[in-house]
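Here the protein sequences come in this chain order: A and B.
In case it helps, this note's numbering puts the first sequence at residues 1035 to 1357.
In case it helps, this note's numbering puts the second sequence at residues 1035 to 1357.
Number of protein chains: 2
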Amino acid sequence: MIAVLCGGVGAARMLAGLQAVVDPGEIVAVVNTGDDTELHGLHVSPDLDTITYTLAGAVNPATGWGLRDETFHAMDGLERYGAITWFRLGDTDLATHLYRTGRMREGATLSQVTGEISRAWGLGVRLVPMSDDPVRTRLRLADGREVAFQEYFVKLRHSVVVDRVRFEGAERATPAPGVLDALGSADIVVVAPSNPVVSIGPILAVPGVAEVLKARRHSVVAVSPIVAGAALKGPADRLLVELGGEASAPGVARFLSSFAGTLVIDEADAQRRGEVEQAGVRCVVAPTVMRTPELAAGLARAVLGARGMAAGPSGPRGAAFDA
Amino acid sequence: MIAVLCGGVGAARMLAGLQAVVDPGEIVAVVNTGDDTELHGLHVSPDLDTITYTLAGAVNPATGWGLRDETFHAMDGLERYGAITWFRLGDTDLATHLYRTGRMREGATLSQVTGEISRAWGLGVRLVPMSDDPVRTRLRLADGREVAFQEYFVKLRHSVVVDRVRFEGAERATPAPGVLDALGSADIVVVAPSNPVVSIGPILAVPGVAEVLKARRHSVVAVSPIVAGAALKGPADRLLVELGGEASAPGVARFLSSFAGTLVIDEADAQRRGEVEQAGVRCVVAPTVMRTPELAAGLARAVLGARGMAAGPSGPRGAAFDA
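Right, dumping it as structure tokens:
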């Protein structure tokens, strides 16, 4: 069994790669919910939805999130009311948030609804939110203001300096059912190439998760989301620096070293292998940029190979990754 | 000042007629919220929205409710999840429910949000929900089952026999700010040709409303929603009979006689004027079927004329009423 710590777009592609080379029923994705937000009364879970839509082959290839062929009539309508429209929810995508919210108002947990949504899309991979309790990533900006994740990420387009990140509610949160079991009993735990600070960070902040990973550090394999000193997507590079680290493969190694025994870095960073190993992390060099499903499957093979695990021939492919 | 007790489609047309012949700023609509429902976590107020969309000239002419030129992508998406889709919410219409729900989650009252939505659509008439507290119309069916209004009205298409109607929460509800003032101080109170049982009934069930009306019964003018023994729309005719009354202009007179001193009945029912007056209700005969905005304006003049009130020449007209 393979457990994967997941953020959004990068994790979705990593999972697509993994399910192309192993039985999807063997994969459990433990997904960040620190980005979850309430918009217009709806519970929105961006990372869960990005993964669902990607694995279902329905994701918008131009963005890597949301649905392809979307309309935005509800958003246009909200403009009339002067409501928040910087977080654009497509009309078909709204169905997911409406369903989730309706079910949670009926008393269902986020895990239960996530299972229902996954089944409705026919996913083979098992998706589990990191917690059924609310954990909310909040960022303090250089001007002293503290903002919620989506305000930082979407409204401010992460073009502001952050000096502190915290995961509100994490200390009181319980891992969702199955999370600690999956992380403890999996043959390998993969840390997807997601933002270490704001995608992997919240999962590690849920009590019990970091402890389980530390105890099996030798079989935890992370993939660096930083290639040649830059994040492929989002602000991971700037956040690492702003919080006192380094935007580089060795910087990622130092950030994750307490619980990840191995780091897969891109070929572009091959010359920094020594620095990664100085951080006490075994280093594997492979092509990590998942521009296509074939590259994602190749990366999945490299990740499994790092623990000596066999991967089958690639199965059926999803749509091309364009973003 | 003119206060109007309102249900949905019939009331919306009555208001359109009134605002064509008097200054819209002189009109206060007190609107039924017993039909309100929560769907997918959203607060839906069907009567308020039907009135808003009608007065804004944006209503779907084929149905008399909802918006013209709608798409239903969110509903199609909900079908994937096996969610409730018998209550069809259009994508642009969803914006209204999203805005209302978001604002109410922030602590705004239904009255406040109703004011905001009315202003966004540029309405001249003042819309006030009957109460900011939840009042929910529930109907007991002949088989003993009790259902919520929308289940009766939309899902079961009101083709079932009802043996009791109650307004859950009414006894604990307070009239919304301005309701008793408007009903007490208006020059005339108009009871729109809405379903007496399930549209006007919930408003009367809010503590204080019936008392104010009874005290000024002589200046309360109702319009019969029953013409030639049948409801123009919906189940008003069957409900009146099922609850022990009569589906006729005199039946409406008897139902409303305790608080309405005058009833406007259709020309088709002219021969029943005597029976209306036997119920102790003054009777005015006029064309009441508002197929067009001109007919609605004509009915408005007849209603105001019943109390000796002058109406100006018809102002600008809304779209045709096609439903």
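Don't be surprised by glycine CBs; every beta carbon is placed ideally from N, CA and C.
Does DSSP put Val1275 of chain A in a helix, a strand or coil? One-based indexing of the first sequence puts residue 1275 of chain A at position 241. If DSSP states are grouped into helix, strand and coil, Val1275 of chain A belongs with the helices.
Comparing the C-beta of Thr1130 of chain A with each C-beta of chain B, is any distance below 8 Å? On the first sequence, position 96 is the one that residue 1130 of chain A refers to. True, the Cβ-Cβ gap to chain B drops below 8 Å.
In chain A, what lies closer than 8 Å to Ile1151 of chain B by C-beta? Residue numbering aside, residue 1151 of chain B sits at position 117 when the second sequence is read from its first letter. Tyr1115, listed in chain order.
Could you tell me the boundaries of the beta strand (DSSP E) in which Glu1180 of chain A lies? Reading the first sequence from its first residue, position 146 is the one you call residue 1180 of chain A. Note, Glu1180 of chain A: beta strand (DSSP E), 1180-1182.
Min CB distance Arg1139 of chain B to chain A below 8 Å: Residue mapping note: residue 1139 of chain B aligns to position 105 of the second sequence, counting from 1. For Arg1139 of chain B, the answer is yes, since a Cβ of chain A falls inside 8 Å of its Cβ.
At a Cβ threshold of 8 Å, is Leu1156 of chain B touching chain A? As a working mapping, residue 1156 of chain B is identified with position 122 in the second sequence. The displayed chain sequence assigns Gly, not Leu, to residue 1156 of chain B. Chain A, which has no Cβ nearer than 8 Å to the Cβ of Gly1156 of chain B, makes this no.
Can you give me, in chain order, the residues of the region 1091-1115 of chain A that have a beta carbon less than 9 Å from any beta carbon in chain B? Leu1101, Glu1104, Thr1105, Phe1106, His1107, Ala1108, Met1109, Asp1110, Gly1111, Leu1112, Glu1113, Arg1114, Tyr1115
Could you check whether the Cβ of Leu1076 of chain A sits closer than 8 Å to any Cβ belonging to chain B? Taking the first sequence and counting its residues from 1, the one referred to as residue 1076 of chain A is at position 42. Yes, Leu1076 of chain A lies at the interface with chain B (some Cβ there is under 8 Å from its Cβ).
Spatial neighbours of Pro1236 of chain B within its chain, please: C-beta separation below 6 Å, excluding the five flanking residues on both sides. For this step, residue 1236 of chain B is matched to residue 202 along the second sequence. Excluding positions up to five away in sequence, the list reads Asn1066, Gly1068, Val1169, Thr1171, Phe1201.
Taking only three categories from DSSP, how would you classify Arg1122 of chain A? Mapped onto the first sequence, residue 1122 of chain A falls at position 88. Coil.
With 16 other Cβ atoms within 10 Å as the buried cut-off, status of Glu1185 of chain B: What you label residue 1185 of chain B is simply residue 151 of the second sequence in a count that begins at 1. Buried is the call here.
Pull the bridge partners of Asp1177 of chain A from the DSSP assignment, please. Walking along the first sequence from the start, residue 1177 of chain A turns up at place 143. None; Asp1177 of chain A has no bridge partner.
Compare the C-beta of Tyr1186 of chain A against all C-beta atoms of chain B and say whether one is closer than 8 Å. Start at 1 with the first residue of the first sequence, and residue 1186 of chain A comes out as number 152. No, because no Cβ of chain B sits closer than 8 Å to the Cβ of Tyr1186 of chain A.
Starting from the C-beta of Asp1303 of chain B, find all residues in its chain whose C-beta is less than 7 Å away, skip the five residues before and the five after it, and write them out in chain order. Sequence index remark: in the second sequence, residue 1303 of chain B carries index 269 (1-based). Same-chain partners within the cutoff: Val1261, Ala1262, Ala1283.
Inter-stretch contact (C-beta, 8 Å, three-pair minimum) for the region 1294-1308 of chain A and the region 1250-1258 of chain A: In short, these stretches touch, since the Cβ pair count reaches three.
Touch test, the region 1048-1056 of chain A against the region 1134-1144 of chain A, Cβ-Cβ under 8 Å, three pairs minimum: no
Residues within the region 1224-1240 of chain A neighbouring chain B, beta-carbon criterion of under 7 Å: none
According to DSSP, Asp1300 of chain A sits in a beta bridge with which residue or residues? As a working mapping, residue 1300 of chain A is identified with position 266 in the first sequence. According to DSSP, Asp1300 of chain A bridges with A:Ala1320.
Have a look at Pro1163 of chain B and Tyr1087 of chain A and give me their C-alpha separation to the nearest angstrom. What you label residue 1163 of chain B is simply residue 129 of the second sequence in a count that begins at 1. What you label residue 1087 of chain A is simply residue 53 of the first sequence in a count that begins at 1. Roughly 40 Å between the two C-alpha positions.
Can you check whether the C-beta of Tyr1087 of chain A is within less than 8 Å of a C-beta belonging to chain B? Position 53 of the first sequence, counted from the start, is the residue given in the question as residue 1087 of chain A. Output row for Tyr1087 of chain A: interface = no.
Would you kindly check if the distance between the Cβ of Gly1342 of chain B and the Cβ of Val1055 of chain B is under 8 Å? Locating residue 1055 of chain B in the second sequence gives position 21, counting from the first residue. Locating residue 1342 of chain B in the second sequence gives position 308, counting from the first residue. No. Outside cutoff.
Report yes if the C-beta distance between Thr1126 of chain A and Asp1110 of chain B is below 8 Å; otherwise report no. Your numbering for residue 1126 of chain A matches position 92 in the first sequence. Your numbering for residue 1110 of chain B matches position 76 in the second sequence. Yes, the Cβ-Cβ distance between Thr1126 of chain A and Asp1110 of chain B is below 8 Å.
DSSP three-state label for His1077 of chain A, please. Taking the first residue of the first sequence as position 1, residue 1077 of chain A is located at position 43. Here His1077 of chain A sits in strand by DSSP.
Whole-angstrom distance between Ala1331 of chain A and Val1225 of chain A, CA atom to CA atom: For the purposes of this step, residue 1225 of chain A is taken as the residue at position 191 of the first sequence. For the purposes of this step, residue 1331 of chain A is taken as the residue at position 297 of the first sequence. Roughly 16 Å between the two C-alpha positions.
Reduced DSSP category for Glu1311 of chain B - H, G, I as helix; E, B as strand; rest coil: Within the second sequence, the letter at position 277 stands for residue 1311 of chain B. If DSSP states are grouped into helix, strand and coil, Glu1311 of chain B belongs with the helices.
Output the boundary residues of the alpha helix (DSSP H) element that contains Arg1335 of chain B. To locate residue 1335 of chain B, count along the second sequence from 1; it is residue 301. It spans 1327-1339 - the alpha helix (DSSP H) in which Arg1335 of chain B sits, taken as one unbroken run.
Gly1136 of chain B at chain A interface by Cβ criterion, 8 Å: Translated into the one-based positions of the second sequence, residue 1136 of chain B becomes position 102. Yes, because at least one Cβ of chain A sits closer than 8 Å to the Cβ of Gly1136 of chain B.
Identify, in the order they occur along the chain, each residue of the same chain with its Cβ nearer than 6 Å to the Cβ of Ala1045 of chain A, setting aside the five sequence neighbours on each side. Residue mapping note: residue 1045 of chain A aligns to position 11 of the first sequence, counting from 1. Within the same chain, Ala1045 of chain A has close Cβ partners Ala1226, Ser1228.
Note down, in chain order, every chain A residue with its Cβ under 7 Å from the Cβ of Thr1071 of chain B. Residue numbering aside, residue 1071 of chain B sits at position 37 when the second sequence is read from its first letter. Going along chain A, no residue has its Cβ under 7 Å from Thr1071 of chain B, so there is no contact; the nearest lies around 12 Å.
Between which two residues does the alpha helix (DSSP H) holding Val1162 of chain B run? By one-based count along the second sequence, residue 1162 of chain B stands at place 128. Segment 1160-1163 is the beta strand (DSSP E) holding Val1162 of chain B; no alpha helix (DSSP H) there.
Reduced DSSP secondary structure (H/G/I, E/B, other) of Phe1201 of chain B: Translated into positions along the second sequence, residue 1201 of chain B becomes position 167. In this structure, Phe1201 of chain B counts as strand in the three-state DSSP scheme.
Cβ shell of His1107 of chain B (< 6 Å), same chain only, five flanking positions each side left out: Here residue 1107 of chain B refers to the residue found at position 73 when the second sequence is read from its first residue. Correct list, in chain order: Asp1125.
For Ser1233 of chain A, does the count of other Cβ atoms within 10 angstroms reach 16, so buried, or fall short, so exposed? Here residue 1233 of chain A refers to the residue found at position 199 of the first sequence. Counting Cβ neighbours within 10 Å, Ser1233 of chain A comes out buried, since at least 16 surround it.
Buried or exposed, going by whether 16 or more other CB atoms sit within 10 Å of the CB of Glu1276 of chain B? Within the second sequence, residue 1276 of chain B is the residue found at index 242, counting from 1. Its Cβ being crowded by 16 or more others within 10 Å, Glu1276 of chain B is buried.
Ala1249 of chain B: first and last residue of the uninterrupted alpha helix (DSSP H) it sits in: To locate residue 1249 of chain B, count along the second sequence from 1; it is residue 215. Under the DSSP assignment, Ala1249 of chain B falls in the alpha helix (DSSP H) whose first and last residues are 1243-1249.
In three-state DSSP terms, what is Arg1137 of chain B? As a position in the second sequence, residue 1137 of chain B is number 103, starting the count at 1. Reduced to three states, the DSSP call for Arg1137 of chain B is helix.
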